[in-house]
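Protein chains: 2
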Amino acid sequence: MRIGELARRAGVSTRALRYYEQQGLLSARRSTNGYREYDESDVRLVTEIRSLLTVGFTLEDARPFVDCLRAGNHAGNACPESVEVYRRKLAQIDEQVRTLLHRRAEVEAQLADACPGCVLRTGGTK
Amino acid sequence: MRIGELARRAGVSTRALRYYEQQGLLSARRSTNGYREYDESDVRLVTEIRSLLTVGFTLEDARPFVDCLRAGNHAGNACPESVEVYRRKLAQIDEQVRTLLHRRAEVEAQLADACPGCVLRTGGTK
DNA sequence: CTAACCCTTGACGTCAACGTCAAGGTCAAG
DNA sequence: CTTGACCTTGACGTTGACGTCAAGGGTTAG
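Those protein sequences? They're chains E and B, same order as listed.
Just add 106 to the spot in the first sequence (first one is 1) and you have the working numbering.
Just add 106 to the spot in the second sequence (first one is 1) and you have the working numbering.
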């Protein structure tokens, strides 16, 4: 199939597909007229990339998964490198949550300071 | 004082100060040679901006606080507009935390799927 | 006089993942 | 033959808060 069909089937733009190729995550053979040609496995591959991006992975994070699929594995996460990325991302998310909660506390304290009575709903007045 | 001293005292770069001015958050009178001249109140103002940025506010978010200080208030958060920003940011932070926790759960589920036994430490095996 | 340090404006670079145009080639249908 | 739908590469724009030159002028100590 050509790039337009792959884009539709994977739910992404053609621009995104060319970008993935440029980043070395996707490859395509070329037909005689220069058009990119893809097969079914590419649909799977792009879908994998998309699902990773939606949970906050970067394309760089997705690379091991892509390599894993390309290596013939049934799933992108079937390789130790992918599992390692999972661990790294979990740690990263935890860190981000901690940062956000810390900020939240500071902002709430400031709000309470600026507007006594504004934050009462949080702990209950009794 | 000139820009270099303000920068040192507020702990920011001169570039940042010029940027704040460009964004309309900071103003300076000019001495005869064209140098920017600041006073004590500007130290306070820049410090306020900084503390807001460190808890995740954008410069746009900081604007009401700056206006509030400039209007002669003792604190940047003494105005209703500032309080409103606090509320907006709290809601925004909560949303971000929810998103992150949702993603965390998905990643963890994927990890468990890819590597059974990897996530056991979370709930205890028993 | 000159080093040395301060200041000025202007403008490009950074980071991610594309969006959006521009200018043009390809191919099947009417 | 000509739409019109597809494809190509190339290149600039987006977002936020600056970093980092470049090229030049001001000021002061020695």
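Beta carbons: idealized from backbone N, C-alpha and C, even for Gly.
Host alpha helix (DSSP H) of residue i (start-end)
| i | result |
| --- | --- |
| GLY182/E | It is not in any alpha helix (DSSP H) - GLY182/E carries neither H nor E in the DSSP assignment. |
| THR138/E | That residue, THR138/E, is in no alpha helix (DSSP H); it is neither H nor E in DSSP. |
| ARG108/B | Premise fails: ARG108/B is in no alpha helix (DSSP H) and is neither H nor E. |
| LEU158/B | 146–160 |
| PRO186/B | 186–220 |
| LEU123/E | 120–128 |
Within chain E, partners of residue i - CB distance below 7 angstroms
| i | result |
| --- | --- |
| GLY162/B | ARG209 |
Between the CA atoms of residue j and residue i - distance to the nearest angstrom
| i | j | result |
| --- | --- | --- |
| ARG135/E | ARG142/E | 6 angstroms |
| GLU127/E | GLU127/B | 42 angstroms |
| ALA184/E | SER119/E | 27 angstroms |
| PHE171/E | ARG108/E | 23 angstroms |
| ASP173/E | LEU207/B | 27 angstroms |
| SER188/B | ARG124/E | 45 angstroms |
| GLU146/B | HIS180/B | 14 angstroms |
| LEU151/B | GLU111/B | 14 angstroms |
| ASP200/E | ALA215/B | 15 angstroms |
| GLY229/B | GLN202/E | Note on GLY229/B: pLDDT 45, under 50, position unreliable in the model; the coordinate value appears next. The straight-line gap from Cα to Cα measures roughly 22 angstroms. |
| GLN129/E | VAL213/B | 23 angstroms |
| GLU190/E | ASP148/E | 24 angstroms |
| THR138/B | SER157/B | 32 angstroms |
| LYS232/B | LEU132/E | In this prediction, LYS232/B has a pLDDT of 36, which is less than 50 and means its spatial position is unreliable; nothing more can be read from the coordinates. |
| GLN198/B | ALA218/B | 30 angstroms |
| VAL161/E | ARG204/B | 12 angstroms |
| ASP167/E | GLY182/B | 41 angstroms |
| LEU159/E | TYR144/E | 21 angstroms |
| LEU175/B | ARG121/E | 47 angstroms |
| LEU165/B | PHE163/E | 27 angstroms |
| LEU196/B | TYR192/E | 29 angstroms |
Partner residues on chain B for residue i, Cβ-Cβ distance less than 7 angstroms
| i | result |
| --- | --- |
| GLU214/E | LEU196 |
Cβ neighbour criterion (16 or more within 10 Å) applied to residue i
| i | result |
| --- | --- |
| PRO186/B | exposed |
| ARG194/E | exposed |
| ARG210/B | buried |
| ARG169/B | buried |
| ALA220/B | buried |
| GLU154/B | buried |
| ALA116/B | buried |
| ALA177/B | exposed |
| ARG114/B | exposed |
| GLY140/E | exposed |
| GLY223/E | exposed |
Contact list for residue i against chain B, beta-carbon separation under 9 angstroms
| i | result |
| --- | --- |
| ASN183/E | GLN216, LEU217, ASP219, ALA220, CYS221 |
| ILE199/E | LEU206, LEU207, ARG209, ARG210, VAL213 |
Chain B contact residues for residue i, given Cβ-Cβ distances below 8 angstroms
| i | result |
| --- | --- |
| VAL203/E | VAL203, LEU206, LEU207, ARG210 |
Interface partners of residue i on chain E, CB under 8 angstroms
| i | result |
| --- | --- |
| VAL189/B | LEU217, ALA220, CYS221, CYS224 |
| TYR125/B | Under the 8 angstroms cutoff, chain E gives no residues; its nearest Cβ is about 22 angstroms from TYR125/B. |
Any C-beta of chain E within less than 7 angstroms: which residues of the stretch 137–162 of chain B qualify? Hits within the stretch, in order: VAL161, GLY162.
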